[in-house]
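Protein chains in written order, with my numbering: chain A, 5 to 487; chain B, 15 to 557.
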């Protein structure tokens, strides 16, 4: 490790230190839960500055820590996205933590550590560094999912998540060990060179399958999705927002990096399986969501379906596909966090705001929020002129151009199905005369809803900048992949 | 007036935003005034197109072009332009939107602000669909339009509104997402190709330019054309609606508020037929003309004509009757279009306008009596010509227009379609003629049961005749009916060149065989290359 490495690791270092400070703050005298969020924001701000600074300093893709770690456009894109997501989730959490019996400092400290893990994932070019980042994220998430220590549902969710998550991590590690055995290295570029000369190597294929299974668990793709509805429902709502956006986006970042730069030379060996996983995720996720009456559960199933859409971008193994993954992750994050913010808005403390009925007549009591919710749902459903359409456009285009016409047909029909259940919320808000639940929004939640609304609309109408920045970000990966 | 199309398109949206942000929801008078003002001036603005449109031979096919780069990374342009067909449809749209707004004053009592905002937004979406010459842009408008219509049915509809609204939305969406895939396939065919399916691309700059696709239509391999046609067909056939994709229509019509039904019948259904004329025929000529697709399309159209008419005949509900009559009429439109000759397509386009005017009128009329009696059951009425003579007059004219009585508009359209179809096949024409007879039967029977006979339902004795406002919603329609019926030449003049252009695309040998001299006029007057299509930001990526 050299001083230069330290400079390139600056954002991660800032976050690690920040996380420690947040953890120690109560001991050092910070009793007030209310200012925890503000301190977290400061840490995030510092991390953002560091990321931008490092990105500008690095210029071209630069390796650090030997070759475990890289600072390239792809990593920077995801790092900034992670920071934005975590900042939004942190703001969403502020209200439910201030009046709670649980320590806000610990909560934010865990979130900061999770972010640190995600940053490592985005930059990792070696399966071990990726794995370490992933575990840091996962362990923090397990605790966060069980943050309502005294609620049975929350504890149950954490337990399920922990057990299944550890098993999947184990499976993934086993896959990595097989890959290491075959290729002699865990470095992605070495793997890609090594596998290009292998044909029908069973150990390699099993290794890739196990690695893929672990990743599919993390992105919640069928058939590794069963934990999702329970965990999403049981976890405190801001944590659900965190799990369905941040941890999914991070998992997709490594999914894309591993498959585009490590395993692209043997895409013929895994593409049919990923295609099946994508198809199943879209079908099962969307069909199962139809019957849900609990909003959190419905959104959980919808997030499974969204993982299926995004897999199209991995599957396509093309510039447009990778671009699609990046764009989709970004627009999905905004629409999804917006939706969760709305659920938060309706929840008084614990578990209200979860039933579809809780949205009844919202257009009367809170017209702006109801409108925002419609925009988020349209974006999740991929209806123009919202950002979701641009994301879906790229993924569908990737599927078509890669020759997966059947998958594209499933994808579009399933996105029509998704409108059916998303619109149940619209029906509740606009077409049912409800009890007109009084909406008391905290400043933070209001802010998040407005930010997500503006982002979703602006990126939908003027997507050019986003598309360009995605194109710029994937350039290093595409260069590697085309080698 | 370079941006006239954009002005016409977004003018109603301006009104909608104005109402949304600056008018209190209690002040219903202000809302109505602003909505009527914007819808009315929107119509007047669209008349500019009617007067400025260059009908002369050799004039560019697409006029009022507006084009600039929107999403250069993927070659999407903001590309507006219209030919005569789109122009007529736009004028019809603005007219009927105005009527829809004006006719809603007493019908809509709750949530008025949202209602007029949505109606105006819907108008913007509809005009945009007819203006767009970029597939991406077209798709955006096509989908955008769904949302306001969903709410119009869902909020202000009848007892089964939720079911009808979501059914409408899902049917259209399911079709249109398949269309999106077809658009993407066309896009890749035009540029880089789809190597995995063995489809070589043409290597053109990535673009969604519809006119570009018109040029490459005959280059698309037959197998690919087949699938593309099928995808477009499902999208448009659902919208038309053709048998057996029509089941959403009766539900949507019956549940929608009057203005919603008027817009739905008059404009939204035309988007399907417009889609065929603008996209399916010129871009996929070989598939359209191939036996395995032409015969099913014709068969479905004929089934639609006869089935729609027969089902209409037995409906106890007036609105449902009119709804099914739409299925029948639109079958006509499809039949004329797939005759692939100028007469048939001209008749088909004219019939789109006619159907908009007369069926729009019928829905208005049914809505008027529904507002007074809160029932649409035919059995509840009878002999009401005695209490509502003016109403009976307007209903009669509209009925006669709908069944194609000479001197009224329906006749001209149907006659032209029959001419065109007979030119192609006598059997098709015979079925079409059967449809006309059945059409006369159910409409006249409806008229007879509602207006004549004894006035035996005491509730009908108190019925008030039309108010001035209601008459003014109908008078423009009646004027159009008479105008097209007596002097359709201006309409045929407008359609002639665009229709020839389409015929030439779908059947390049047609004019030669018919010994008609035809020179394709220039596509546009100002042909500006769209701004640099940066190759996925390659320059920046290289940095």
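Virtual Cβ for every residue (Gly too), placed ideally from N, Cα, C.
Reduced DSSP secondary structure (H/G/I, E/B, other) of residue i
| i | result |
| --- | --- |
| residue 354 of chain B | coil |
| residue 485 of chain B | helix |
| residue 355 of chain A | With a pLDDT of 47 at residue 355 of chain A, under the threshold of 50, the modelled position of this residue cannot be trusted, and the question is left open. |
| residue 252 of chain B | helix |
| residue 251 of chain A | helix |
| residue 16 of chain B | coil |
| residue 466 of chain B | coil |
| residue 298 of chain A | strand |
| residue 78 of chain B | strand |
| residue 364 of chain A | coil |
| residue 236 of chain B | helix |
| residue 214 of chain B | strand |
| residue 321 of chain A | coil |
| residue 118 of chain B | coil |
| residue 538 of chain B | strand |
| residue 387 of chain A | coil |
| residue 418 of chain A | helix |
| residue 85 of chain B | strand |
| residue 391 of chain B | strand |
| residue 28 of chain B | helix |
| residue 480 of chain A | helix |
| residue 312 of chain A | helix |
| residue 150 of chain A | coil |
| residue 298 of chain B | coil |
| residue 523 of chain B | coil |
| residue 385 of chain B | helix |
| residue 402 of chain B | coil |
| residue 475 of chain A | helix |
Opening and closing residue of the beta strand (DSSP E) in which residue i lies
| i | result |
| --- | --- |
| residue 91 of chain B | 90-96 |
Run of the alpha helix (DSSP H) containing residue i, from where it starts to where it stops
| i | result |
| --- | --- |
| residue 172 of chain A | 156-187 |
| residue 265 of chain B | 262-269 |
| residue 43 of chain B | 42-66 |
| residue 507 of chain B | 503-520 |
| residue 206 of chain B | Note, residue 206 of chain B: premise wrong, no alpha helix (DSSP H); not H, not E. |
| residue 199 of chain A | 192-199 |
| residue 228 of chain B | 224-230 |
| residue 418 of chain B | Unbroken run through residue 418 of chain B: none, as it is neither H nor E. |
| residue 127 of chain B | 126-145 |
| residue 153 of chain B | 149-158 |
| residue 275 of chain B | 272-277 |
| residue 12 of chain A | 7-12 |
| residue 475 of chain B | Element bounds for residue 475 of chain B: n/a, residue is neither H nor E. |
Beta-carbon separation (whole angstroms), residue i vs residue j, contact threshold 8 Å
| i | j | result |
| --- | --- | --- |
| residue 165 of chain B | residue 139 of chain B | About 12 Å; that fails the 8 Å criterion. |
| residue 119 of chain A | residue 90 of chain A | 5 Å |
| residue 96 of chain B | residue 65 of chain B | Not a contact, Cβ separation roughly 14 Å. |
| residue 520 of chain B | residue 303 of chain B | 7 Å |
| residue 218 of chain A | residue 286 of chain A | Actually they do not touch by this definition, with Cβ atoms about 21 Å apart. |
| residue 301 of chain B | residue 243 of chain B | 4 Å |
Legend entry - Every unbroken alpha helix (DSSP H) inside the stretch 107-142 of chain A [4 residues or more]: Every alpha helix (DSSP H) of 4 residues or more that sits fully in the stretch 107-142 of chain A is shown, in chain order, as 108-127.
Legend entry - alpha helix (DSSP H) runs wholly inside the stretch 313-352 of chain B, at least 4 long, in chain order: DSSP assignment within the stretch 313-352 of chain B yields the following whole alpha helix (DSSP H) runs of 4 residues or more, N-terminal first: 332-351.
Legend entry - Segment contact, 8 Å Cβ cut-off, at least three pairs: the stretch 241-254 of chain B with the stretch 289-299 of chain B: As far as the Cβ criterion goes, the stretch 241-254 of chain B touches the stretch 289-299 of chain B, which means the pair count is three or higher.
Inset, instruction - Evaluate contact between the stretch 192-205 of chain A and the stretch 243-258 of chain A, counting only Cβ atoms and requiring at least three cross-stretch pairs below 8 Å. - result: No, the stretch 192-205 of chain A does not touch the stretch 243-258 of chain A.
Legend entry - Segments of 3+ residues assigned as beta strand (DSSP E) that fall wholly inside the stretch 43-103 of chain A: Those beta strand (DSSP E) runs which fall completely within the stretch 43-103 of chain A and span 3+ residues are 66-68, 73-75.
Inset, instruction - Taking only runs that begin and end inside the stretch 168-204 of chain B, name each unbroken alpha helix (DSSP H) of 4 or more residues, in chain order. - result: Considered as a whole, the stretch 168-204 of chain B harbours 175-204 as its complete alpha helix (DSSP H) runs of no fewer than 4 residues, in chain order.
Legend entry - Any 3 or more C-beta pairs closer than 8 Å across the stretch 232-242 of chain B and the stretch 167-177 of chain B: No: fewer than three Cβ pairs fall under 8 Å.
Legend entry - In chain order, each beta strand (DSSP E) run of at least 3 residues that lies wholly inside the stretch 219-286 of chain A: Given a length threshold of 3 residues, the stretch 219-286 of chain A has no whole run of the beta strand (DSSP E) inside it.
Legend entry - Any 3 or more C-beta pairs closer than 8 Å across the stretch 460-470 of chain A and the stretch 338-352 of chain A: Contact holds: three or more Cβ-Cβ distances are below 8 Å.
Inset, instruction - Could you tell me whether the stretch 358-371 of chain A touches the stretch 429-438 of chain A, where touching means 3 or more Cβ pairs closer than 8 Å? - result: Yes: at least three Cβ pairs fall under 8 Å.
Inset, instruction - Pair every Cβ in the stretch 180-189 of chain B with every Cβ in the stretch 136-152 of chain B, then say whether three or more of these pairs are closer than 8 Å. - result: By the C-beta criterion, the stretch 180-189 of chain B is judged not to be in contact with the stretch 136-152 of chain B, since fewer than 3 inter-stretch pairs fall below 8 Å.
Legend entry - Whole beta strand (DSSP E) elements within the stretch 421-473 of chain A, 3-residue minimum: DSSP runs (the beta strand (DSSP E)) wholly in the stretch 421-473 of chain A: none.
Legend entry - Stretch-stretch touch, CB-based, cutoff 8 Å, three pairs: the stretch 471-486 of chain A with the stretch 79-96 of chain A: In short, these stretches touch, since the Cβ pair count reaches three.
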